[in-house]
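If you count the sequence shown from 1, position 82 lands on 83 in my numbering, and the numbers rise without skipping.
Notes for the one structure printed next.
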Amino acid sequence: MTTYTGKAILLTEDGTKFDTDADLTKDASGSWRGTLTFHDATLFRALLNVSDGHLLIDQKTAEFIRPHTSDWTANPASPRVMRILGSGEAPF
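Given below as structure tokens:
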């Protein structure tokens, strides 16, 4: 299993970029998944309904889906964590 923990950029379909902390894993089959953590609580509304996008890590991009758009933590002061499933080759 390969892992990546570090900085990443979420790119939405309209081209908006959001800085995030990624915690990702890739298994032997090449499937990858993980979480994206956003520390800026003001981003909540902009990211609320994001169901897919691209992740940029060290100049490599990869597509992902977000299977559950209701996965945000309830505490508005805490970091927001989004669970994602990778599509295609991992960017790490």
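Beta carbons: idealized from backbone N, C-alpha and C, even for Gly.
query: Rounded straight-line distance, which links the Cα of Ser-71 to that of Glu-64; result: 20 Å
query: Residue of Trp-73, Leu-25, Asp-15 minimising C-alpha distance to Thr-3; result: Leu-25
query: Residue from Leu-48, Asp-59, Ala-42 whose Cα sits closest to the Cα of Arg-84; result: Leu-48
query: Through-space distance from Ser-88 to Gln-60, alpha-carbon basis; result: 17 Å
query: Host alpha helix (DSSP H) of Phe-39 (start-end); result: It is not in any alpha helix (DSSP H) - Phe-39 instead sits in the beta strand (DSSP E) that spans 33 to 39.
query: Distance between Leu-56 and Thr-62 (C-alpha atoms, nearest Å); result: 5 Å
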